[in-house]
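Below you'll find the structure, written out as C-alpha cells, and then a few comments.
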Amino acid sequence: MPYIPHTETEIEEMLKSAGADSIEELLTCLPAALRVEGRLKLPEGLTEQALKETLAGLAAKNRGSSEQSVFLGAGAYAHYIPSAVDHIISRSEFFTAYTPYQPELSQGTLQAVFEYQSFVARLTGMDVANASLYDGASAVAEAVLMAGRITKRPGVLVSRALHPEYREVTETYLNATPEDIHEIPYCPDSGTTFVDAIETALGESIGSVVIQNPNFFGSIEELARIATVVHANGSLLIVVVNEPVSLGILKSPGEAGADIVVGENQSFGNALNYGGPYLGFMACREKFLRQMPGRLVGETVDTEGRRAFCLTFATREQHIRRERATSNICTNHGLTALAASVHMALLGPSGLVELAELNLSKAAYLRDKLNEIEGVSVAFNSPVFNEFVLFTDAEPDAVLKALGKRGIVGGLSLSRFYPELHGHLLVTATEVNSKADMDAFAVALSSIVEAEAATAGE
Amino acid sequence: MEFPEDLKYSKEHEWVRLEGDTAVIGITDYAQDSLGDVVYVELPAEGDAVTRGETFGVVESVKAVSDLYSPVSGSVVEMNDAVVDGPEAINEDPYTEAWMLKIELDNIEELEELLSADEYQQFIEEEK
Amino acid sequence: MKKVGTTGLQMNEPVIFERSVKGRKGVSPIEHDVPKANVSELIPARFLRSETVETNGAALPEVSELEVVRHYTRLSQWNFGVDSGFYPLGSCTMKYNPKVNEDIARLDGFTSIHPYLDTDSTQGALQLMYELEEYLAEITGMDGVTLQPSAGAHGELCGLMMIAKCLKARGETRTKVLIPDTAHGTNPASSQLAGFKVVKIASGTDGCITLESIEEAMDSDVAALMLTNPNTLGLFEHDIVEIAKIVHSRGGFVFCDGANMNALMGLVRLGDLGVDVVQLNLHKTFSTPHGGGGPGSGPVGVKAELAPYLPVPRIKKDKEEYTFEYDCPDTIGRLKAFYGNFAIMVRAYSYIRRCGPEGLRRVSEIAILNANYIKERLKATFELPHDDKPCMHEAVFSDATLKEFGVSTMDVAKRLIDYGIHPPTVYFPLVVGGAIMIEPTETESKAELDGFIEAMEAIAAEAKNAPELLHNAPTTTRVSRVDETRAAREPRLVWQP
Numbered sequence: 001m002p003y004i005p006h007t008e009t010e011i012e013e014m015l016k017s018a019g020a021d022s023i024e025e026l027l028t029c030l031p032a033a034l035r036v037e038g039r040l041k042l043p044e045g046l047t048e049q050a051l052k053e054t055l056a057g058l059a060a061k062n063r064g065s066s067e068q069s070v071f072l073g074a075g076a077y078a079h080y081i082p083s084a085v086d087h088i089i090s091r092s093e094f095f096t097a098y099t100p101y102q103p104e105l106s107q108g109t110l111q112a113v114f115e116y117q118s119f120v121a122r123l124t125g126m127d128v129a130n131a132s133l134y135d136g137a138s139a140v141a142e143a144v145l146m147a148g149r150i151t152k153r154p155g156v157l158v159s160r161a162l163h164p165e166y167r168e169v170t171e172t173y174l175n176a177t178p179e180d181i182h183e184i185p186y187c188p189d190s191g192t193t194f195v196d197a198i199e200t201a202l203g204e205s206i207g208s209v210v211i212q213n214p215n216f217f218g219s220i221e222e223l224a225r226i227a228t229v230v231h232a233n234g235s236l237l238i239v240v241v242n243e244p245v246s247l248g249i250l251k252s253p254g255e256a257g258a259d260i261v262v263g264e265n266q267s268f269g270n271a272l273n274y275g276g277p278y279l280g281f282m283a284c285r286e287k288f289l290r291q292m293p294g295r296l297v298g299e300t301v302d303t304e305g306r307r308a309f310c311l312t313f314a315t316r317e318q319h320i321r322r323e324r325a326t327s328n329i330c331t332n333h334g335l336t337a338l339a340a341s342v343h344m345a346l347l348g349p350s351g352l353v354e355l356a357e358l359n360l361s362k363a364a365y366l367r368d369k370l371n372e373i374e375g376v377s378v379a380f381n382s383p384v385f386n387e388f389v390l391f392t393d394a395e396p397d398a399v400l401k402a403l404g405k406r407g408i409v410g411g412l413s414l415s416r417f418y419p420e421l422h423g424h425l426l427v428t429a430t431e432v433n434s435k436a437d438m439d440a441f442a443v444a445l446s447s448i449v450e451a452e453a454a455t456a457g458e
Numbered sequence: 001m002e003f004p005e006d007l008k009y010s011k012e013h014e015w016v017r018l019e020g021d022t023a024v025i026g027i028t029d030y031a032q033d034s035l036g037d038v039v040y041v042e043l044p045a046e047g048d049a050v051t052r053g054e055t056f057g058v059v060e061s062v063k064a065v066s067d068l069y070s071p072v073s074g075s076v077v078e079m080n081d082a083v084v085d086g087p088e089a090i091n092e093d094p095y096t097e098a099w100m101l102k103i104e105l106d107n108i109e110e111l112e113e114l115l116s117a118d119e120y121q122q123f124i125e126e127e128k
Numbered sequence: 001m002k003k004v005g006t007t008g009l010q011m012n013e014p015v016i017f018e019r020s021v022k023g024r025k026g027v028s029p030i031e032h033d034v035p036k037a038n039v040s041e042l043i044p045a046r047f048l049r050s051e052t053v054e055t056n057g058a059a060l061p062e063v064s065e066l067e068v069v070r071h072y073t074r075l076s077q078w079n080f081g082v083d084s085g086f087y088p089l090g091s092c093t094m095k096y097n098p099k100v101n102e103d104i105a106r107l108d109g110f111t112s113i114h115p116y117l118d119t120d121s122t123q124g125a126l127q128l129m130y131e132l133e134e135y136l137a138e139i140t141g142m143d144g145v146t147l148q149p150s151a152g153a154h155g156e157l158c159g160l161m162m163i164a165k166c167l168k169a170r171g172e173t174r175t176k177v178l179i180p181d182t183a184h185g186t187n188p189a190s191s192q193l194a195g196f197k198v199v200k201i202a203s204g205t206d207g208c209i210t211l212e213s214i215e216e217a218m219d220s221d222v223a224a225l226m227l228t229n230p231n232t233l234g235l236f237e238h239d240i241v242e243i244a245k246i247v248h249s250r251g252g253f254v255f256c257d258g259a260n261m262n263a264l265m266g267l268v269r270l271g272d273l274g275v276d277v278v279q280l281n282l283h284k285t286f287s288t289p290h291g292g293g294g295p296g297s298g299p300v301g302v303k304a305e306l307a308p309y310l311p312v313p314r315i316k317k318d319k320e321e322y323t324f325e326y327d328c329p330d331t332i333g334r335l336k337a338f339y340g341n342f343a344i345m346v347r348a349y350s351y352i353r354r355c356g357p358e359g360l361r362r363v364s365e366i367a368i369l370n371a372n373y374i375k376e377r378l379k380a381t382f383e384l385p386h387d388d389k390p391c392m393h394e395a396v397f398s399d400a401t402l403k404e405f406g407v408s409t410m411d412v413a414k415r416l417i418d419y420g421i422h423p424p425t426v427y428f429p430l431v432v433g434g435a436i437m438i439e440p441t442e443t444e445s446k447a448e449l450d451g452f453i454e455a456m457e458a459i460a461a462e463a464k465n466a467p468e469l470l471h472n473a474p475t476t477t478r479v480s481r482v483d484e485t486r487a488a489r490e491p492r493l494v495w496q497p
C-alpha cells in the first residue's frame, strides 16, 4: 500500500503488543451493522507513474496562459514569478510543518511570518498586519465584522465597484449576523464610487465603508476624500486592495486615511491556480489590534535573551476564546504568504516600483491601442492602473468567442455581474502580456468588431 | 499567598475594600497566581454601572482569558488607568497598586454577603 | 538511547531588513517592450505615493537574489516538518505529504489557468473537482459535497449556515448548537459566527457523549449537535447512531467535524451513522501539506435535504461537459471568491487516486494500529484519563503521574524536542488536565514509534531523577524557551529600524 511502511511481521508484533489478534479486534467500537460492506466505490489505486500520467492528462485538458494570450484580471493576476520563489517554498521544513505552536522548533516559520507582517504593514501604510487570511473576499467580510465590533454599529456601506464576488461573500458572512449592508453606486462616467452617495447614506448606524482601490473596473478611487467623509461620521474606512502591485506607485491606503486595509496578495509569488489557494491579508491601526482576526507573530526573547519569535495575542483566537473569539479562523494561508514574502524581498523597493510602472505602461499601451478601434471605446474617464473597461457596440459574448478562436482571451464580460454594463469588457494587462500579443489582440478585435458591425448592418 | 484581613472577598476571586461610601475592587492574590502573567485587562469606563455577580471586564494571561465578576452593584466613579497600561501590577501587587475600579455602592448591605479573609482562604482550599 | 536531536549546523540570520543595502537589487521585472508610461501624466499626483523610492512607506529590504535564498534557507533550517522527523501532533494528522502530489500540482495546465477562463478552457480542472466531490461523497456517505471552503473552520461555518437556512425554509428558528466539551475551539467560534448560541455538553466518564445528556439538552430550540467523531480523546462516539436518532426526532441536525476522518476511511461512513453534515480537512486526512499553517481546504458533505443550500457555484456535468451552475436559488451564497483552494484539491485528488479504496482503508487501519500500539506501550508510564479500551487514530494521556516531580506536560513536550521529536498536541482537549494528545498517523514505521516510546519513557525517568533537564528543555534548538509574556506585554509585531 502506498505510503505505509509496515511489514506484515511488524504488524503482527504491534498487534501482539496491543493485545489484539487482528486489526479488526481494535475496531469493535464501530457499529457492526453499519460497517462499510466490501470496498468504497472509488477507482483502483494507481502506481506513481500511472498517477502522473493520468493527472497530466487532466492538466492537458486545460488551456492556460501558455496556450492562449490571456487578458484577464479581476482579482486574479498573472505576474511573472521568479524561480527562487518556488524553490524556497518547496523546502519541506516550511511546507511540511504546521502552525508554529511550539516556537522553539518553528523559528523559521515565525520569523518569516513576522517579516511578512512587516512587508504588508509597510506596503499598506498601516501599523500592524496579521499572518494571513484565506483570500481577499473573506478578508473583506472579516474586516466588516471587525469594524462592527470596534464601532458597535451594525451597518456597512459597500461600494458597487467592489469585486462582485467579494460583495457576495460579505453578504453570506453577514447574513448570519444583524449587520445591514447598503450598496453605494458608482458614477457612470468615471466608474468610481459616488462620494456624494456615501455622504447621504452615512448615519449613526453605519460602522464602516468598504472601498476597493483600484476598484473592480480598474479605476482609482478618491480615497482621501472618502476618508474625510467617512471619518466625519465616526465610521471606519475599510480599503480593499486586490492588485497590491499597484502599491508600488499609488499612495498607500494608510496615507490616504484607511483604518483597516484588507485584500488579496496573490499577485506576489502565487500562480493563478484556478482561483486558489490565494492569500487574504489584513492590516490595521494599532489601536484596533485586539479586534483583529487571525494569527499574529511577535518578537520577543528566549531565556538567554536572544531574539526569538512566537505567536502572540492568542487570547483573541478560537482555541482560547472559543465562542467569543474574534473569528473562527484557525488554519490560514501560511505557505502562500511565504511565497509572497519571497517575491517582495526579491523585488525590493525599486523592483516593486519598476514592476508597477511596467504594469501601468502595458495597460496604458493596450488601452490606447484598443481605444483607436472603430466601435470600441474606453468606458470610464478615470485614471487606472493595470486594468480598464472597454465598451463595444458588438455583442460581447460573440466578440469574446471570436477572439477565443484566435487564441486570445480578451477580458471579462461585465454583464455577468453588472446587468447595466452590457457590452462592457474588463481588460487587464500585466508584465506577462507582451507587446506582440497586445498588438495581435488589437488587430483581432478590430477585425471582429468590424465583422460584427457588418453582420449587424445587414 | 496573602489575604489582608481588612478586605472582603467574593467566590469569583475579587476583593473589596470600603473607603467611605465607595468600594474599591480588584482580583485576589490567588486569582493572579492561577492566571499567571497577566498581559491585558479590560475595564468599564467611569459612569458605567456594574451589577453584583455579573461580568464587568476581562483579564488575560498569555494563554487564558477570564471574566471579571463584580462583587458589588453600583456605578463606576474611577477606573485605574495605570493597571490597564501596566497589567503586570496585578501580579506584583494585587491589593494596592492593582486596584481596578472605585464603585459608588447602590446598597452597602451587599458587602455583608461577601467572605472574610479566613472564609475566603477556606473556600479556595476546598476549591483546589 | 539514541537521540536524534542535535544542535546541528545552525547559522545566525538577522531579520531580512537588517541585511538591506541601499541600491542592491534582487530580481528585475521583465524589460519594457512598450513605451515607458509617464506616471504623473496618467495618474494625478494626489493618488501617487509622495515619497521617493528610498523613503517610501513600502520600503522593502534591498537584498540580492542569493541573499534572499540564503536568508530563507537558513530560516527553514530552524524549522521542523514532517520530512524532518516524527510529528505526532494530535488532531492535526501530520502524515507524510507525498512528493508526487507536489509535482502534479505544479503542472502548467493546473497552475496557469485563470478562474475566469471560459469553462471550455478548464475541462480538466472541472472534471477533477467534480470527481473529487464524488469521491468525498462516497468516502463520507453524503449526497452532495462542496469544495469551496478554504479550511476546516471555513467548512464548519458553511455547514452551520446551511443548517440555519434549511431551518428557515422549514419555517423554524432554532438558536442553539450543542457542542461537547471535548470539541475543537473552532466549533463554538464557527457556531457564534453563524448566528447560534453555544450550549456545552459534558462528556460522560468514558470520554464520550452520553445519551442522557442529549436527551436532556435536545429541545425544540436546538438547531444542531456538533460533534467530532472520533472525538478529540481518540474515542469513537459509540452511541452516535442513537444520539443521531434523538436529534433527528426532535427536528435537529447532526454536524460532524471531520477533523479526525483519518480513522474512518473505508471502515464506516459518517452518513450511514446519521450524520447530516460533515466538514473535511484535505490537509489532514488527504495528505496535503500543512504549509506552516495552511493553505488547507475544507470541503463539506451534506445529506440530500441540505444539498440545495450548498454554496454557489456548483459544478455540473452534462454528458461529457463540465460547467458551473450559478442558478441555485436556495444557496447560502458564496464563502470565497472563485471556487476554492484548487491546487490543494489537485493534491488530495492525486492522493485518493494513488491509494484507491483498499489503500484508503489500509490508511485508517494502520493509523488505528499505530495509535493503539503507542497507547499500550506508554500506559504504564503515563496516565490514561479514561477507561483503557482500544482507541482510534490518537491516544490521549494526562500528566498526573508527573506532578509529584514538579514536572508538567509542557516540560515533557519541550524535552521531546531535545530527542528530535515534535511535541504532541498539549493541554487539549481541555477536559483532560495536562493533556498529551498523540496522533502518530499511518505513515510512521514501527521503528519510529519505538523511538518515540523510548524517548517518552526516558523523559518520564528524567522527570523523576533529573527534572531540571525537562525544565531547561529544549537545549538543542536555535532558541530556548521564549518569553511569551513579554511578546504580549510589549508587542513588536512589525520590524522597526
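Chains as they are written, first to last, in the working numbering: chain Y, 1 to 458; chain A, 1 to 128; chain B, 1 to 497. Each residue gets a CB set at the ideal place from its N, CA and C atoms; glycine is no exception. Since the model is a prediction, treat every value here as computed from it, not as a measurement.
Contacting positions in the region 297-318 of chain Y - beta carbon closer than 7 Å to chain A
So the close ones are Ala314, Thr315.
Would you say the region 303-312 of chain B touches the region 107-123 of chain B, given that touching needs at least three Cβ pairs under 8 Å?
Segments in contact, no.
Whole-angstrom distance between Lys317 (chain B) and Asn371 (chain Y), CA atom to CA atom:
Rounded to whole angstroms, Asn371 (chain Y) to Lys317 (chain B) spans 39 Å at the Cα level.
Contact list for Val65 (chain A) against chain Y, beta-carbon separation under 7 Å
Here the neighbours are Thr315, Ile320, Arg321.
Per-residue contacts from Thr54 (chain Y) into chain B (C-beta, under 7 Å):
Correct list: Arg353.
Under a Cβ-count criterion, where at least 16 other Cβ atoms within 10 Å of its own Cβ denotes burial, should Ile108 (chain A) be classed as buried or exposed?
Flag for Ile108 (chain A) reads exposed.
For Pro419 (chain Y), count neighbouring Cβ atoms within 10 angstroms of its own Cβ and tell me buried if that reaches 16, exposed if not.
Looking at its Cβ environment, which holds fewer than 16 other Cβ atoms inside 10 Å, Pro419 (chain Y) is exposed.
Does Val494 (chain B) have its Cβ less than 7 Å from a Cβ in chain Y?
Under the 7 Å criterion on CB atoms, Val494 (chain B) is classed as interfacial with respect to chain Y.
Tell me, please, which residues DSSP counts as bridged to His424 (chain Y).
Partner(s): Y:Phe391.
Proximal residues of chain B, C-beta to C-beta of Glu88 (chain A) below 8 Å:
The answer, in chain order, is Arg489.
Excluding the 5 residues preceding and the 5 following Arg478 (chain B) in the sequence, name in chain order all residues of the same chain whose CB lies nearer than 8 Å to its CB.
Cβ within range, chain order: Gln10, Trp78.
Using three-state DSSP, classify Gly109 (chain B) as helix, strand or coil.
When DSSP states are grouped into helix, strand and coil, Gly109 (chain B) belongs to the helix group.
Top-ranked residue by Cα proximity to Val407 (chain B), from B:Ala259, B:His471, B:Gln496
Residue B:His471 holds the alpha-carbon nearest to the alpha-carbon of Val407 (chain B) among B:Ala259, B:His471, B:Gln496.
For Gly81 (chain B) and Ile16 (chain B), the rounded distance between their alpha carbons:
For Ile16 (chain B) and Gly81 (chain B), the gap between their C-alpha atoms comes out near 22 Å.
Who are the Cβ neighbours of Pro164 (chain Y) in its own chain at under 6 Å, not counting the five residues just before and after it?
Once the five neighbours on either side are set aside, the close Cβ partners of Pro164 (chain Y) are Phe417.
Boundaries (first-last residue) of the beta strand (DSSP E) holding Met437 (chain B)
For Met437 (chain B), the enclosing beta strand (DSSP E) covers residues 436-438.
If distances are taken between C-alpha atoms only, which option among B:Met226, B:Arg354, B:Ser20, B:Pro440 comes closest to His393 (chain B)?
Nearest of B:Met226, B:Arg354, B:Ser20, B:Pro440 to His393 (chain B), Cα basis: B:Pro440.
May I ask you to list the residues that DSSP assigns as paired with Lys102 (chain A)?
Beta-bridge partners assigned by DSSP to Lys102 (chain A): A:Val24, A:Glu78.
Bridge-paired residues (DSSP) for Ser106 (chain Y)
Under DSSP, Ser106 (chain Y) forms a beta bridge with B:Asn79.
Below 6 Å CB to CB, which residues in the same chain sit around Ala283 (chain Y) once its five sequence neighbours on both sides are set aside?
Taking Ala283 (chain Y) as the centre and dropping the five residues before and after it, the same chain places the C-beta of Val120, Ala121, Thr124, Met126, Ala129, Val261 closer than 6 Å to its C-beta, in chain order.
With 16 other CB atoms within 10 Å as the buried threshold, where does Tyr326 (chain B) fall?
With a 10 Å radius around the Cβ and a threshold of 16 neighbouring Cβ atoms, Tyr326 (chain B) comes out exposed.
Here's the rule: buried if 16 or more other CB atoms are within 10 angstroms of the residue's CB, otherwise exposed. What is Arg170 (chain B)?
Exposed, by the Cβ-count rule.
Residue ranges of each alpha helix (DSSP H) within the region 290-331 of chain Y, 4 or longer
The DSSP assignment places complete alpha helix (DSSP H) segments of no fewer than 4 residues inside the region 290-331 of chain Y at 318-321, in order along the chain.
Over what stretch of residues does the beta strand (DSSP E) that includes Pro151 (chain Y) continue unbroken?
With the sequence shown as reference, residue 151 (chain Y) is identified as Thr, and Pro is not the correct amino acid for it. Boundaries around Thr151 (chain Y) are those of the alpha helix (DSSP H), 136-151, since no beta strand (DSSP E) includes it.
7 Å Cβ cutoff met for Phe253 (chain B) and Ala217 (chain B)
Contact annotation: Phe253 (chain B) and Ala217 (chain B) have beta-carbon atoms that are not nearer than 7 Å.
Taking 8 Å as the cut-off, does the region 146-160 of chain B touch the region 254-268 of chain B (at least 3 CB pairs, one atom from each stretch)?
Counting Cβ pairs under 8 Å, three or more are found: they touch.
Residues in the region 328-342 of chain Y having any Cβ partner in chain B nearer than 9 Å:
So the close ones are Asn328, Ile329, Cys330, Thr331, Asn332, His333, Gly334, Leu335, Thr336, Ala337, Leu338, Ser341, Val342.
Consider the Cβ of Asp37 (chain A): report whether some Cβ of chain B lies at a distance smaller than 7 Å.
Answer yes: the Cβ-Cβ gap between Asp37 (chain A) and chain B drops below 7 Å somewhere.
For Val62 (chain A), go through chain B and note every residue whose CB falls closer than 7 Å to its CB, in chain order.
Going along chain B in sequence order, the residues near Val62 (chain A) (Cβ under 7 Å) are Glu484, Thr485, Ala488.
Which value, in whole angstroms, describes the spacing of the CA atoms of Arg24 (chain B) and Glu62 (chain B)?
Note on geometry: alpha-carbon atoms of Arg24 (chain B) and Glu62 (chain B) lie some 5 Å from one another.
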